[in-house]
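To convert, count from 1 in the sequence shown and add 928; that's my numbering.
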Amino acid sequence: MSLISPWRADFPGILALEAEGQTYLDSAATAQKPQAVLDALLGYLASGVANVHRAQHLPGERATRAFEATRSKAAQWLNAARSEEIIFTRGSTESLNLLAYGLEHLLQPGEQIVISAQEHHANLLPWQQVAKRRNLELVVLPLDNTGSIDLQQAARLIGPRTRLLAVSQLSNVLGRWQALTELLTLARTQGALTVVDGAQGAVHGRHDMQALGCDFYACSSHKLYGPDGVGLLYGRGAALAKLQHWQFGGEMVLDADYHKAHFRPAPLGFEAGTPAVSAVIALGAALDWLSSLDHLTVAQHEAALHAELLAGLQRRDGVRLLGQPQLALASFCVDGVHNADLAHLLSEQGIAVRAGHHCAMPLMKGLGLSGAIRVSLGLYNNGEDLQRFFSALDSALELLR
Ligand code: PMP
């Protein structure tokens, strides 16, 4: 299979980094942007900006139309039933915090929120804090050796007191797809609400919200080849209606008096203040770009690169993979070598990978590690990037051991 990326030339950022001698292997943290996204961003900013949903003048109407077009594209891309089921936020973190505040009133002392041992802090800390505020039990589903949530244990731990399940679709450390269909069914059987953290999963393949049947799905534009500062929160109509408002200000209100107010329903009721108009419009271009790709070619390229990455890591003595990653990334540690030292030597050789706890400290502690190196792939990466990484890894390990 081909290790040449047909899309590399679409990414000025990757070409600029390459010209500087940098090999970018950190797309799980944030992805480079295709030219179409840069064009949309600059095109909007240069053609006369305006605020959305407020003004009747031409620039205001134009901005509102482009902004709302992204909402429709996002709804289509996720196969939501209606575009009103898409709320714009600042990112996955804000989407998950919105949910933690918005659903808090439904949770009674003694009830359970269930998460899993692989969660990023963004899908742990908001629930941990709600659990503290409301005197709830936070239940953590354990993982098996591969990094998958143990379904037998999940069936035992998700019970009649479970009011909400929040799990990530694809771990940012272990790179495994979780068995969402089974997990969501377990939660739904108990009448619990379901939240999926799609921050890592969203960019790989297409995810059909109606088929998946989750109540909420959170993701971030910047990992979808779009700009930073904007995220999506999908909510199934009936579930959105249960959300309590959480941020208050302009454009989220139907009627206001000094001592009371009536708020808009979703989505606008959850988009208080001026949104990231330019970023939302450019996210529309990222979704167009992603939708224009041939999905088979994408899947083959992702699989071929990932297989090459795993094979190269597994061939090296003392390199220990974390779990059994299936896609897009691999995290590893090296016996007798500190991950920060290794990351430093890789960086000196122009290799951009992530080191540390990856915002999943409890997972790392559970694995008995203070940190690990993570290599993550974007559509622009190719076989030569991996060769440069492995050659730098060999030189670094020679120095460190
Ligand atoms: N969940 C997971 C699994 C992630 O990998 C990340 C980003 N690293 C987040 C949530 C938070 O995303 P953001 O920083 O874009 O809000």
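For every residue, glycine included, the Cβ atom is placed at its ideal position computed from N, Cα and C.
**Residue nearest to arginine 908 in terms of C-alpha spacing, selected from Glu1065, Asp1072 and Ser955** = Nothing can be reported for residue 908: it is not among the residues displayed for the chain, which extend from 929 to 1329.
Checklist entry - Got a sec, what are the start and stop residues for the beta strand (DSSP E) glutamate 1065 sits in? => result Locating residue 1065 in the sequence shown gives position 137, counting from the first residue. Run containing glutamate 1065: 1065–1069, per the beta strand (DSSP E) assignment.
Distance, Cα to Cα, alanine 1288 vs histidine 1187?
As a first step, residue 1288 must be located in the sequence shown, where it is residue number 360. As a first step, residue 1187 must be located in the sequence shown, where it is residue number 259. So the alpha carbons of these two residues sit roughly 42 Å apart.
Using CA coordinates, which residue listed in Ala1268, Gln1040 and Gly1075 is at the minimum distance from asparagine 1063? Along the sequence shown, one-based indexing puts residue 1063 at 135. When each option's Cα is compared against that of asparagine 1063, the closest is Gln1040.
Buried versus exposed, by CB contacts within 10 Å (16 or more), glutamine 1242:
As a working note, residue 1242 is residue 314 in the sequence shown. By the neighbour-count rule (16 or more Cβ atoms within 10 Å), glutamine 1242 is not buried but exposed.
Q: Can you grab the Cα-Cα spacing for the pair leucine 969 / alanine 1210, in whole Å?
A: For the purposes of this step, residue 969 is identified with residue 41 of the sequence shown, where counting begins at 1. For the purposes of this step, residue 1210 is identified with residue 282 of the sequence shown, where counting begins at 1. Near 5 Å, if we compare the C-alpha coordinates of alanine 1210 and leucine 969.
For the pair the segment 1275–1288 and the segment 1092–1102, tell me if three or more CB-CB distances fall below 8 Å.
The segment 1275–1288, when compared against the segment 1092–1102, does touch it at the 8 Å Cβ threshold.
| message | Spatial neighbours of glycine 988 within its chain, please: C-beta separation below 8 Å, excluding the five flanking residues on both sides. | response | Stepping through the sequence shown from its first residue, residue 988 is reached at position 60. Counting only Cβ-Cβ distances below 8 Å, and skipping sequence neighbours, we find Ala978, Asn979, Val980 and Arg982.
Subject >> Backbone CA spacing between glutamine 950 and leucine 1274 [nearest angstrom] >> reply: Against the sequence shown, residue 950 aligns to sequence position 22. Against the sequence shown, residue 1274 aligns to sequence position 346. In this structure, the alpha-carbon of glutamine 950 lies about 11 Å from that of leucine 1274.
Unbroken stretches of the alpha helix (DSSP H), 4 residues or longer, contained in the segment 1040–1090: Taking only runs of at least 4 residues, the alpha helix (DSSP H) segments lying wholly in the segment 1040–1090 are 1053–1062 and 1079–1085.
May I ask you to list the residues that DSSP assigns as paired with serine 1262? Residue mapping note: residue 1262 aligns to position 334 of the sequence shown, counting from 1. Checking the sequence, you will find valine at residue 1262 rather than serine. Answer by DSSP bridge pairing, in chain order: Val1247 and Val1265.
- [ ] Could you tell me whether the Cβ atoms of serine 1023 and serine 1011 are closer together than 8 Å?
- [x] Walking along the sequence shown from the start, residue 1023 turns up at place 95. Walking along the sequence shown from the start, residue 1011 turns up at place 83. Cβ distance not < 8 Å, so serine 1023 and serine 1011 don't count as in contact.
>> Tell me the rounded alpha-carbon separation between serine 1259 and arginine 1302.
In response: One-based indexing of the sequence shown puts residue 1259 at position 331. One-based indexing of the sequence shown puts residue 1302 at position 374. Taking the straight line joining both Cα atoms gives about 4 Å.
Just the residues with CB closer than 5 Å to a heavy atom of the ligand PMP, in chain order, which are they? In chain order, the qualifying residues are Gly1019, Ser1020, Thr1021, His1048, Ala1050, Ser1096, Asn1100, Asp1125, Ala1127, Gln1128 and Ser1148.
For this session: Go ahead and pull the three-state DSSP assignment for alanine 1008.
Result: For the purposes of this step, residue 1008 is taken as the residue at position 80 of the sequence shown. Residue state, collapsed to three classes: coil.
Assign aspartate 1183 to one of three DSSP states: helix, strand, or coil. Counting from one through the sequence shown, the residue named residue 1183 turns up at place 255. Correct three-state label for aspartate 1183: strand.
- Buried or exposed: where does glutamine 1228 fall if 16 or more other Cβ atoms within 10 Å of its Cβ makes it buried? Within the sequence shown, numbered from 1, the residue matching residue 1228 stands at position 300. The residue is exposed, with fewer than 16 neighbouring Cβ atoms inside 10 Å.
**Message:** Quick test of the definition: if touching needs 3 or more C-beta pairs under 8 Å, does the segment 1075–1092 touch the segment 1029–1043?
**Reply:** Result yes; three or more Cβ-Cβ pairs closer than 8 Å.
Is there contact here, the segment 1171–1178 with the segment 1194–1202, by at least three beta-carbon pairs under 8 Å? Touching, per the Cβ criterion.
Where serine 1275 falls: helix, strand or coil (DSSP):
Walking along the sequence shown from the start, residue 1275 turns up at place 347. Three-state result, serine 1275: helix.
Worksheet item: What is the DSSP secondary structure of tyrosine 952, reduced to helix, strand or coil?
Response: On the sequence shown, residue 952 is found 24 positions in, with the first residue counted as 1. Correct three-state label for tyrosine 952: strand.
_Whole-angstrom C-beta distance between tryptophan 1055 and alanine 1028, which should lie under 8 Å_ = Numbered from 1 along the sequence shown, position 100 holds the residue referred to as residue 1028. Numbered from 1 along the sequence shown, position 127 holds the residue referred to as residue 1055. Right, the Cβ-Cβ distance comes to about 6 Å (below 8 Å), so this counts as a contact.
>> Can you check which of these residues, Thr1017, Thr992 and Asp1322, is closest to proline 1155 by C-alpha distance?
In response: If you number the sequence shown from 1, residue 1155 lands on position 227. Nearest option by C-alpha distance: Thr1017.
*Grab the span of the beta strand (DSSP E) containing isoleucine 1014 for me, first residue to last.*
Position 86 of the sequence shown, counted from the start, is the residue given in the question as residue 1014. Its beta strand (DSSP E) spans residues 1014–1017.
| field | C-beta atoms of alanine 1214 and tyrosine 1162 nearer than 8 Å | value | Counted from its first residue, the sequence shown places residue 1214 at position 286. Counted from its first residue, the sequence shown places residue 1162 at position 234. Not closer than 8 Å, so no.
Between which two residues does the beta strand (DSSP E) carrying aspartate 1222 extend? For this step, residue 1222 is matched to residue 294 along the sequence shown. Counting along the chain, no beta strand (DSSP E) covers aspartate 1222, and no H or E run does either.
So aspartate 1136 is in the alpha helix (DSSP H); what residue range does that whole segment cover? In the sequence shown, the residue the question calls residue 1136 occupies position 208. Premise fails: aspartate 1136 is in no alpha helix (DSSP H) and is neither H nor E.
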